[in-house]
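First comes the structure, then the notes that go with it.
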Amino acid sequence: MIALHALPPSRLFMISTLAVLAVVTLGVALKEVHRSGQDRQRSEVLVRTRTWWLIVLPLFGTLSASRGAAISFFCIVFYLAFKEYLTFIPTRRADHRVLFWAYLAIPIQYYFAYISWYGMFIIFIPVYCFLLLPVRMLLRGDTQGFLKAVGTLHWGLMTTVFSLSHAAFLLTLRGEDVEGDYGVSLVLLLVILTEANDIAQFCWGKGFGHAKVVPSVSPNKTWAGLAGGVATTALLAGLVGPYLTPMTVSQALLAGVLIGISGFFGDICVSAIKRDIGIKDTGNMLPGHGGILDRVDSLTFTAPVFFHFIYYTYH
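Using my numbering, read the sequence shown as starting at 14 and increasing by one per residue.
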């Protein structure tokens, strides 16, 4: 039997996270048992907890299996995020054939991540898709609503595919990029800090928040929540970062600050889109959480920011 101290830090971290989630689940289940009445309904907390298992188990399972499995998992999830985006963004009938090429860009982007081809990874969607997809639209000969169609399609690719694919590319960072094979640890750190930032900003905002940051976009976002969330995320990064990754304490603190700030803007950016369209959630695929984009809204900003911080720090 393998001793726990012999396991890589990333494996120990995943085991610890699963243990905490199991304790939380047990506590929620025991609370539900004591709920009264024949009309007892599942509480929001119970639904959210069950959904967290559906998120965490596939993520940890693929991260433990292999780099290819984990990148494939990210590819599938963020394909679903892009598909979800297209369900609430109005599209023209003339653009339906163009969407095939947009979908085709997704596995290509993740293939570049898999083979660690940074040059093509970083320009494929921002440059080549930006140039080629409008040309494909023009071949249809329909100019009515062209600018809006091009803008919304490319923004969707940039957000749900390009930005989020940086999490997958983290798995390939090794050798000259970082001091050792810390790809899995980097992904775990990114995800846990992003989620912790969301929770911390919510708690600080509820407890101490009065002054709103952007009330017309996200009324629940306060300056106290933002400051408290960034400070909490930085502190957590300073504690966990040096254990999981080759970062020093000061580098980890800076990474935490960057994730805290960028996560806030990722959240309100998706909130602005939902308000513009007039929807509460981006979907219903994740019970208790809404859609995939509702769950990864902060990650759309934290993933590229954290990736480039790591890449240019250790390259």
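We put the beta carbon where it would ideally sit given N, CA and C, even for glycine. All of these numbers come straight from a predicted model, not from anything done at the bench.
Secondary structure of L186, DSSP reduced to three states: What you label residue 186 is simply residue 173 of the sequence shown in a count that begins at 1. Note: L186 maps to coil in three-state DSSP.
Cβ-based neighbour list, L206, same chain, cut-off 7 Å, excluding 5 preceding and 5 following: Reading the sequence shown from its first residue, position 193 is the one you call residue 206. Contacts found: T246, L249, A250, G269, I272.
Cβ pair M150, V111 closer than 9 Å: Here residue 150 refers to the residue found at position 137 when the sequence shown is read from its first residue. Here residue 111 refers to the residue found at position 98 when the sequence shown is read from its first residue. Against a cut-off of 9 Å, the Cβ pair of V111 and M150 comes out as a contact.
Chain B within 9 Å of M133, Cβ atoms only: The displayed structure is made up of one protein chain only, and chain B is not part of it.
Anticipated Cβ contact below 8 Å, I323 with L184, distance rounded: On the sequence shown, position 310 is the one that residue 323 refers to. On the sequence shown, position 171 is the one that residue 184 refers to. With 8 Å as the limit, I323 and L184 do not qualify as a contact, their Cβ atoms being about 12 Å apart.
Anticipated Cβ contact below 8 Å, V226 with K234, distance rounded: Start at 1 with the first residue of the sequence shown, and residue 226 comes out as number 213. Start at 1 with the first residue of the sequence shown, and residue 234 comes out as number 221. Right, their Cβ atoms sit about 5 Å apart.
Residue(s) in a DSSP beta bridge with L299: Here residue 299 is taken as the residue at index 286 of the sequence shown, counted from 1. L299 is bridged to G303.
Three CB pairs or more closer than 8 Å across the region 202 to 218 and the region 311 to 322: In short, these stretches touch, since the Cβ pair count reaches three.
Helix, strand or coil at K293 according to DSSP, with G and I counted as helix: The residue labelled residue 293 in the question sits at position 280 within the sequence shown. Coil, per DSSP.
Sub-9 Å separation of T165 and T104 beta-carbons: For the purposes of this step, residue 165 is taken as the residue at position 152 of the sequence shown. For the purposes of this step, residue 104 is taken as the residue at position 91 of the sequence shown. Yes, Cβ-Cβ distance for T165 and T104 is below 9 Å.
V197 and L299 closer than 9 Å at C-beta: Numbered from 1 along the sequence shown, position 184 holds the residue referred to as residue 197. Numbered from 1 along the sequence shown, position 286 holds the residue referred to as residue 299. Cβ atoms of V197 and L299: not closer than 9 Å.
Integer-rounded CB distance, given that Y195 should sit under 8 Å from P255: Counting from 1 along the sequence shown, the entry for residue 255 is found at position 242. Counting from 1 along the sequence shown, the entry for residue 195 is found at position 182. P255 to Y195, Cβ: 12 Å. No contact.
Status (buried if at least 16 other CB within 10 Å, exposed otherwise) for L146: For the purposes of this step, residue 146 is taken as residue 133 along the sequence shown, with counting starting at 1. When all chains shown are included, L146 counts as buried.
Euclidean distance between Cα positions of A118 and G222: For the purposes of this step, residue 118 is taken as the residue at position 105 of the sequence shown. For the purposes of this step, residue 222 is taken as the residue at position 209 of the sequence shown. C-alpha separation (whole angstroms): 42 Å.
Outcome for G169 when other beta-carbon atoms lying within 10 angstroms are tallied against a minimum of 16: Your numbering for residue 169 matches position 156 in the sequence shown. The residue in question, G169, is buried, as its Cβ has 16 or more Cβ neighbours within 10 Å.
Pairwise C-alpha distance: H109 and P22: As a working note, residue 22 is residue 9 in the sequence shown. As a working note, residue 109 is residue 96 in the sequence shown. Approximately 46 Å, taken between the alpha carbons.
Range covered by the alpha helix (DSSP H) that runs through F159: Here the question's residue 159 lines up with position 146 in the sequence shown. First-last of the alpha helix (DSSP H) with F159: 159 to 169.
Identity of the residue in Y327, F134, L177, W114 nearest G276 by Cα: Within the sequence shown, residue 276 is the residue found at index 263, counting from 1. Taking only the C-alpha atoms, the option nearest G276 is L177.
Which of helix, strand or coil DSSP assigns to T104: Translated into positions along the sequence shown, residue 104 becomes position 91. The answer is coil: DSSP assigns T104 none of H, G, I, E or B.
Minimum C-alpha distance to A213 - residue among L257, I274, G158: Translated into the one-based positions of the sequence shown, residue 213 becomes position 200. Residue I274 is the option with its Cα nearest to A213.
Y327 versus V200 - alpha carbon distance: Position 314 of the sequence shown holds residue 327. Position 187 of the sequence shown holds residue 200. Rounded to whole angstroms, Y327 and V200 show a C-alpha spacing of 16 Å.
Contact check, S311 vs D280, beta carbons under 9 Å: Translated into the one-based positions of the sequence shown, residue 311 becomes position 298. Translated into the one-based positions of the sequence shown, residue 280 becomes position 267. In this structure, D280 lies closer than 9 Å to S311 by Cβ.
I305 vs L93 beta-carbon contact at 9 Å: Here the question's residue 305 lines up with position 292 in the sequence shown. Here the question's residue 93 lines up with position 80 in the sequence shown. Contact: yes.
Three-state secondary structure (DSSP) of K225: Residue 225 sits at position 212 when you count from the first residue of the sequence shown. Strand at K225.
Per DSSP, cross-strand counterpart(s) of T235: Here residue 235 refers to the residue found at position 222 when the sequence shown is read from its first residue. Per DSSP, K225.
Minimum C-alpha distance to D307 - residue among F319, F320, I292, H321: Taking the first residue of the sequence shown as position 1, residue 307 is located at position 294. When only C-alpha atoms are compared, the closest one is I292.
With 16 other Cβ atoms within 10 Å as the buried cut-off, status of T261: Taking the sequence shown and counting its residues from 1, one reaches residue 261 at position 248. Answer is exposed; the Cβ neighbour count stays below 16.
Range covered by the alpha helix (DSSP H) that runs through T315: Stepping through the sequence shown from its first residue, residue 315 is reached at position 302. First-last of the alpha helix (DSSP H) with T315: 312 to 327.
Reduced DSSP category for L152 - H, G, I as helix; E, B as strand; rest coil: Here the question's residue 152 lines up with position 139 in the sequence shown. Coil.
DSSP three-state assignment for L93, whether helix, strand or coil: As a first step, residue 93 is located in the sequence shown; it is residue number 80 there, counting from the start. Three-state result, L93: helix.
Collapsed DSSP secondary structure at S176 in the structure displayed: Within the sequence shown, residue 176 is the residue found at index 163, counting from 1. Residue state, collapsed to three classes: helix.
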